[in-house]
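Enquirer:
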Ligand code: PRT
Ligand code: ZN
């Protein structure tokens with residue numbers, strides 16, 4: 006079968022998480038900072054290390070079969086690719102922001118104003134949709150300093166913690182797009198067996214990340230309450246303990262409602278609760 010190529014960011018915010026995800030999928034490869042391409046020794050796959058801005062086009066044009074890139078970059082480059090899987094990292098939002106003392110408060114106030122951004126395509130589409138005529142000033146970096154330099158009245162940029170805006174005396178007032186890293190492929194390639202195998206591996210790693218393996222001890226008389234709190238993958242495993250009338254319950258818990266569940270379990274008589282990370286979940 007033809008060797009697949011996957012393009013990931015060479016260096017930057019998505020590089021480390023992309024490499025980690027592929028390694029967690031059981032793929033074995035060297036990750037030299039200097040190399041542009043690396044062969045996976047135990048799967049017919051080559052990894053191309055690129056600037057993130059080039060990844061969508063490489064995939065669209067068939068130079069790479071797959072890519073890992075932020076949704077913001079896909080929207081900005083306007084490529085026609087298949088979104089195969091959201092990956093849960095690189096989360097951020099594209100926001101409009103102004104200086105703290107600005108009198109711009111709503112999107113409508115942008116009429117006739119200048120907005121600095123590195124995302125002119127997404128911004129222009131948004132302005133067209135909102136029927137606002139504003140001047141889009143494209144700058145390639147450090148967008149947050151534009152209003153202070155008198156280059157623009159507002160900015161449109163990526164925000165994650167909001168720290169950069171704050172330290173530049175800016176405040177966000179509208180969110181236009183939320184983004185995270187996604188796996189992309191060429192349209193029509195979805196039936197390729199190697200691509201399907203890789204997606205399956207990625208999904209099993211993501212599922213495992215969302216869950217924790219939990220073992221707890223409980224008196225037999227409290228089992229029913231405990232089971233009602235714990236659906237598990239199918240249903241929890243119950244193992245008798247050496248001490249009569251006590252059992253160990255093994256199950257998985259979703260990360261997002263972990264603390265709420267743990268507190269309810271304790272209240273229902275659970276003791277000796279042990280929580281472990283899960284590497285993969287194959288359904
Ligand atoms: O060299 P290359 O072109 O490959 O990388 P790059 O410099 O263009 O991109 P990089 O590595 O900065 O970001 C890659 C991707 O990470 C982006 O396309 C987004 O999908 C995602 N991402 C997630 C972010 C952020 N969070 C982020 N906070 N990209 C950029 N930022 C920047 C933002 O531009 C702003 O300057 O961080 C600053 C804001 O951060 P906070 O936390 O202060 O709000
Ligand atoms: Zn880039």
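Residue numbers (our numbering): 6 to 288.
The C-beta atom is built at its ideal place from N, Cα and C for all residues, glycine as well.
I need the DSSP call for residue 172, collapsed to helix, strand or coil.
Expert: Residue 172 falls in the helix class under three-state DSSP.
Enquirer: Whose C-alpha, out of 213, 254, 250, 231, is nearest the C-alpha of residue 288?
Expert: Ranking 213, 254, 250, 231 by Cα distance to residue 288 puts 213 first.
Enquirer: With three or more beta-carbon pairs closer than 8 Å as the criterion, would you say the stretch 43 to 58 touches the stretch 178 to 185?
Expert: The answer is no - the stretch 178 to 185 does not touch the stretch 43 to 58, with fewer than three Cβ pairs under 8 Å.
Enquirer: Just to confirm, is the Cβ distance from residue 161 to residue 120 under 7 Å?
Expert: Against a cut-off of 7 Å, the Cβ pair of residue 120 and residue 161 comes out as a contact.
Enquirer: Run the Cβ filter for me: residues under 6 Å from any heavy atom of ligand 1, listed in the order they occur in the chain.
Expert: Counting every residue whose Cβ lies closer than 6 Å to a heavy atom of ligand 1, we get 14, 17, 18, 19, 56, 57, 58, 75, 77, 78, 95, 97, 162, 163, 164, 165, 166, 167, 168, 169, 184.
Enquirer: Have a look at 229, 177, 268 and flag the residue whose alpha-carbon is nearest the alpha-carbon of residue 104.
Expert: Measuring from the Cα of residue 104, the nearest candidate turns out to be 177.
Enquirer: Entirely within the stretch 57 to 141 and at least 4 residues each: give me those alpha helix (DSSP H) ranges in chain order.
Expert: 60 to 65, 76 to 82, 125 to 135, all fully within the stretch 57 to 141.
Enquirer: For the stretch 60 to 73 against the stretch 8 to 22, are there 3 or more C-beta pairs whose distance is under 8 Å?
Expert: Enough Cβ pairs lie closer than 8 Å, so yes.
Enquirer: State buried or exposed for residue 65, treating a residue as buried only when at least 16 other CB atoms are found within 10 Å of its CB.
Expert: By the 10 Å Cβ count, residue 65 comes out buried.
Enquirer: How would you label residue 39, buried or exposed, when you count the other beta carbons within 10 angstroms and need 16 or more for buried?
Expert: That one is exposed.
Enquirer: According to DSSP, is residue 148 part of a helix, a strand, or is it coil?
Expert: Three-state result, residue 148: helix.
Enquirer: Can you give, in chain order, each stretch of the alpha helix (DSSP H) that sits fully within the stretch 238 to 272 and has at least 4 residues?
Expert: Fully enclosed alpha helix (DSSP H) runs of 4 or longer: 263 to 272.
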